[in-house]
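In the order they appear, the protein sequences are chains A and B. 231 is the number that the numbering used here gives to position 231 of the first sequence; each next residue is one higher, with no gaps. 430 is the number that the numbering used here gives to position 430 of the second sequence; each next residue is one higher, with no gaps. Single-structure report; data block below.
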Amino acid sequence: MKFREITKKTNIDFIGMRNKMFILSAVLVLTGLFGFVMVALGKANLSVDFTGGTELQLRFDQPTSIGALRSALTSGGIEDVQIQEVAGKNDFFLKTKLMNTGTEKEKVQDKISAIISRAMPGKGFQVLGSNMVGSSVGKTLKQHAIIAIALSLLGIIIYIAWRFNFVFGVAATIATFHDVLALLGIFFVLHREMNILFITALLTIAGYSLTDTVVVFDRIRENMAKMKSKTDFGKVINGSINEVLSRTLITSLTVLLVIAALLVLGGHVLLDFSFALFIGVMVGTYSSIFVASPLIYLWRTRS
Amino acid sequence: MLKSLKFRAVLILVFLFISIVYLVPNAVELEGAWKKYFPSDKIHLGLDLKGGMHLLLSLDTNRLMDNMLDRKFNQLKDGMIREGIRFVGLDKRADRIEVVIKAEQREKFYNLVGKELPDLKVIESKTEGDNLTLGLSYSEKEVLNLKDNAVHQALETIRNRVDQFGVSEPVIVQQGESNILVQLPGIKDPERALELIGKTAQLEFKLVDEENAAKAGTGVIPEGDEQLMMKSRNRDTSVTTTTPILVKKQTLLTGDMLTDARVRIGGEFHNEPYVALEFNSEGSRIFDRITGENVGKRIAIILDNTVYSAPVVRERISGGKASITGGFTSDEAKDLAIVLRAGALPAPVNVIQNITIGPTLGQDSIRKGVQAAILGGLLVIVFMIYYYRASGIVADIALFLNLIYLLGAFTALRATMTLPGIAGIILTIGMGVDTNVLIFERIREELRLGKTVRAAVDGGYSKAWVTIFDAHITTLITTFILFIFGTGPIKGFAVTLAIGIIINLFTAVFGSKTIFDWILARYKPRSLSI
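Shown next as C-alpha cells:
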C-alpha cells in the first residue's frame, strides 16, 4: 500500500546530537531565567494589565471605528493600547501604560489628544475624563498562579512516575519548564509586550509540550519492553523518536497551520498571542526530542 | 457492549443531538412554543469578547471620615467619663471633634488622647478664661491611610459579592484615589447587579424608643433618638409602605460580628423567604445580653438606615441566631444574604458611571480573529484529506463532532467563554488532530507489517489508545489543579481545556473508530485509503 508521507523511514541519531542541542537549550533557559528575573523586577515590557496606567474616555462627534482609532494611535507611536467602545454612543475607553509623572511636562491626555487631532483631522472629539488605573492582576492572582504551577508540576511527576517511572516524570517536567522559559526569554529579548494573553499562551504551550513529550515517552516505554540489554538504550531512544517522527511533524505542522492563519489574519491584538503560540509549538516539539529524551538517556546510562 | 457497533453509533448520535439542542439558542432566536422545548441559555461571552456592564463607583470618603470620627467621638466620651475629665462642651463637627474642658485638666486630657486615641491630633486650641477649646482630627497622613485601607476593603468586599452572585471573570480594580471600576460580563438584570454591588450593607441593631413612639413623624426628635423609616410590605397586595419610627441612637450590635447569613423559607414567617443570621462568639454574647436586658421591648433591625423589622423580644436569645424578615422576594433575600456574608462596605458608594461597554479586545480584533480561526480550521480539514485521503475525511468528521460536543457542553455548563478559553479550544483541537494522527500513523505501521485492513485498524487503535490516554490524562491533571487554584483567565483556560480533553477521549474511543468499523463491516475493503 502506498501512503502520502512527509518523511520516508528515517534513522537520525538524535541522542548523538545531544551535546550541541544542550548548548542551545541552556542558552534558551538562561535567557528565560534572565527574562523572569527582569519580569520580577518590573523591568520587562509588561502590559497595562500588570502595570496599571491611564484610562481616557473620548467622545467623537461622528461615528468612528475602533480600527481607525487604533491606527491613528499607532501612527503617533502609541502601540500598546486597549480600546473599548461604549454601546450606543461614539465613546471610547482607551487604556494605556503611559502615566502622568511629575517630571514629564506633557500629560498623557494632551499627548493622546494631539496624536488624534493630527492623525484624524476634521473629526471633532473631546476627552471626557482621564483617570489613573491600577493593575487588574491582583497580588492574589500571582500567588495563586505560582501555587497552581508548582502543584501541576508535582501532579505531572507523580502521574508519569506511576505510568512510566520517576525519571520520565522529572524529564517531562524539565522539558515543560524549558519551553515556558524559552518562550519567556524570546519574548523578553524581542521586547514584545507581556499581557494576560501571553500568560495564556504560556499555559497552552506547557500543555502542548507535555502532550508531545508523553507521546515520545510512550514509544520509548513500548520499545524498552522489547529491549534486551541496557547497552543499547541510546538506540532504543533514537529508534523510538524516529518511529514517531512523522507523527510529530504532522501534528506540529497542522497546529502551526492554524496558528499561522491567526498570525497573518488575526490583527494587531492577537499578533503577539499567535506569535507566542507559533514559537511555543516549535520549542515544544524540539524539547520532546532534544531535551526530554536525552535527559532520560543521561540519567539511565549514568546510574 | 462497547464492541457493538449499533450501541456506539447510538451513543454518538444521542450526544450529538443533545449538543445541538443546547446550541440551537445560539444560532436562532426561538419564539413561542419552541421556547419550551429548548434550553434558553446561550454561550456566555466574557468581557474580552462581548463587553458588558461598566460601573464606576466612588467611595464616599466624606461619609467614611464621618463614620470614623463617630467612633472616635464615642471612645473619647467614654474615656473622659472614666478618667473624670469634665467637659464643658463636646461636639462632633464635619471634620473634627470639638471639646471644651477646664484648662487645669489639660494635662490629663492630653494623656488620655495620647494613650487611647493616638491617631487623633490636636489641630486647634483656644483659651477663653479658664475654658480650653480643642479641635481634634486625624493627621493628613492618617486620613490618606484610612482612605486607602477603606478602598482596599471595599474592593475586597465587592469582589466577594460578585463571586457569590455567580458572575465569572469580572474586572474589579481601583481607579484614581477613591474610585472603583467594576466590569461584569453578560448581566441579564443590571439593576439587580447594581443593587447588590452598591449596597453598603451596614447592619445594625438598635432599641426602639417606645416612650416617645407617638412623636414619630412629628418632626420632634427627642434627645438621644434618631428617626428612621421602617419598610413593610403587605403580604396580600405586595404594596410596600414606609412609616417613620424613632430608635435610640446607640448601636447595640453591628453586622461585623456575623459569621453567616443564609436564605431560609417558611416556619413562622408564612412561607416567605427570610435571612437567617449567625453571630460569632462575641456577637452571640452581646446578643444574649441585649435580648436579656430588653425582654418585652422592641429591637429594630436596621440595614443601611432603613428599619426592616422591629420584633418584640419575648425572651433572652442565646446561641447567636437572629433573622431578618421584611416580605422579601426570593431574589431579594438571596442578594441580602450575599451582601451580609460578604460584609459591609466601609462607606456608601456613589455610582458615577453606569454604561454598557464593548469588548476589551475590540470588535475589530474579534472579527479578524474569527475569520482567521475559520481559515485555520479549513486548512486543517484540507490538509487531513490531502495527507490521509479517505481516512482524512473520517478524521475531519471526528474533529467536527469534537467541536459540536465541546460547544454544546460549554453552553450546558454555563461556562464563560473568553479568549484564554478559546486558546484552550485551539489546544483541544490540536490534541484532537494529534489523536487522529497518532492512530493513523499506527495503522500505517501495522499495514506496513503486512497485516490485513481489519487487523491493522484494530491494532492501530489499541496501540495508539495507550499513548492518547496518557497524554490526555497528564494534561487533565494540570487543568484540574489550574482550575482549583487559578483565578480569572487561568480558570477560564482550565475549564475549556478540561471539557475539551474529556470530549477528546470520548471521540477517540467512539468517534472515528465507529465509522471505520462500520465501513469495514459493510464494504469489507481489501485496502485502506490512509
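Where a beta carbon is used, it is the ideal one built from N, C-alpha and C, also for glycine.
How about phenylalanine 165 of chain B: is its C-beta nearer than 9 Å to some C-beta of chain A?
no
Could you confirm whether any beta carbon from chain A is found closer than 9 Å to the beta carbon of isoleucine 12 of chain B?
False, the Cβ-Cβ gap to chain A never drops below 9 Å.
In chain order, which beta strand (DSSP E) runs of at least 3 residues are fully inside the segment 369–406 of chain B?
none
Determine, for valine 380 of chain B, whether the minimum Cβ-Cβ distance to residues of chain E falls below 9 Å.
The structure shown has no chain E; the protein chains it does contain are A and B.
Ranges of the beta strand (DSSP E) found wholly within the segment 193–254 of chain A, counting only runs of at least 3:
none
Return the CA-CA distance between leucine 497 of chain B and glycine 424 of chain B, expressed in angstroms with no decimal places.
5 Å
Given glycine 460 of chain B, which residues of its chain have a CB within under 6 Å of its CB, disregarding the five upstream and five downstream residues?
Ile439, Arg442, Ile443, Glu446
Can you give me the start and stop residues for the alpha helix (DSSP H) that threonine 285 of chain A sits inside?
267–287
Starting from alanine 261 of chain B, trace the beta strand (DSSP E) in both directions and tell me its first and last residue.
258–265
Residue range of the unbroken beta strand (DSSP E) whose run includes serine 125 of chain B
120–128
9 Å is my cut-off, CB to CB: does phenylalanine 3 of chain A come that close to chain B?
So yes, phenylalanine 3 of chain A belongs to the interface.
Measure from the C-beta of asparagine 100 of chain A to each C-beta in chain B and report whether the shortest distance is under 9 Å.
no
Determine whether the Cβ of proline 346 of chain B lies closer than 9 Å to any Cβ atom of chain A.
no
Looking at chain A, is there any beta carbon in it that lies within less than 9 Å of the beta carbon of proline 489 of chain B?
yes
Should proline 525 of chain B go down as buried or exposed, given a rule of 16 or more other Cβ atoms within 10 Å for buried?
exposed
Rounded separation between glycine 35 of chain A and valine 14 of chain B - CA only
50 Å
Which residues of the segment 474–502 of chain B have a Cβ closer than 7 Å to any Cβ of chain A? Give them in chain order.
Thr474, Thr475, Ile477, Thr478, Ile481, Leu482, Phe485, Gly486, Thr487, Gly488, Pro489, Ile490, Phe493, Leu497
Alpha carbon to alpha carbon, how far is asparagine 350 of chain B from glycine 198 of chain B?
8 Å
Checking the sheet assignment: what are the DSSP bridge partners for alanine 300 of chain B?
B/Lys206
Tell me which same chain residues have a C-beta within less than 7 Å of the C-beta of glycine 224 of chain B, skipping the five on either side of it?
Lys248, Lys249
Classify proline 170 of chain B as helix, strand or coil using the three-state DSSP reduction.
coil
Excluding five sequence neighbours on each side, which residues of the same chain lie with their C-beta closer than 8 Å to the C-beta of leucine 64 of chain B?
So the list reads Leu146, Lys147, Ala150, Pro346, Ala347, once near-sequence residues are dropped.
By Cβ distance below 6 Å, which residues in the same chain neighbour threonine 251 of chain A in space, the five residues on each side in sequence not counted?
So the list is empty, once near-sequence residues are dropped.
DSSP-derived helix/strand/coil call for leucine 24 of chain A
Under the three-state reduction of DSSP output, leucine 24 of chain A falls in the helix class.
Whether or not the segment 418–433 of chain B and the segment 485–492 of chain B are in contact is what I'm after, with contact meaning three or more pairs of Cβ atoms, one per stretch, closer than 8 Å; do they touch?
yes
If you run the structure through DSSP and keep just helix, strand and coil, what is asparagine 354 of chain B?
DSSP places asparagine 354 of chain B in strand when its eight states are reduced to three.
Evaluate the contact criterion for the segment 183–203 of chain A versus the segment 234–250 of chain A: three or more CB pairs, one atom per stretch, below 8 Å.
no
Let's see if you can read the secondary structure: which residues bound the alpha helix (DSSP H) around glycine 67 of chain A?
66–75
Here's the rule: buried if 16 or more other CB atoms are within 10 angstroms of the residue's CB, otherwise exposed. What is lysine 105 of chain A?
With a pLDDT of 48 at lysine 105 of chain A, under the threshold of 50, the predicted position of this residue should be treated as unreliable, and no value is reported.
Indicate the three-state DSSP secondary structure (helix, strand or coil) for glutamate 79 of chain A in the structure shown.
In the three-state reduction of the DSSP assignment, glutamate 79 of chain A falls in the coil class.
Nearest-angstrom Cβ-Cβ length linking glutamate 142 of chain B and aspartate 119 of chain B, presumed shorter than 8 Å
Rounded, the Cβ-Cβ distance is 5 Å, consistent with contact.
Beta carbon proximity, serine 512 of chain B to chain A, threshold 9 Å:
no
Of all the alpha helix (DSSP H) runs that stay within the bounds of the segment 4–35 of chain B, which reach a length of 4 or more residues?
5–27
Any beta carbon from chain B within less than 9 Å of histidine 268 of chain A's own beta carbon?
yes
In DSSP terms, what proline 190 of chain B is bridged to:
According to DSSP, proline 190 of chain B bridges with nothing at all.
If you check the beta carbons only, do methionine 229 of chain B and threonine 133 of chain B fall under 9 Å apart?
Cβ atoms of methionine 229 of chain B and threonine 133 of chain B: not closer than 9 Å.
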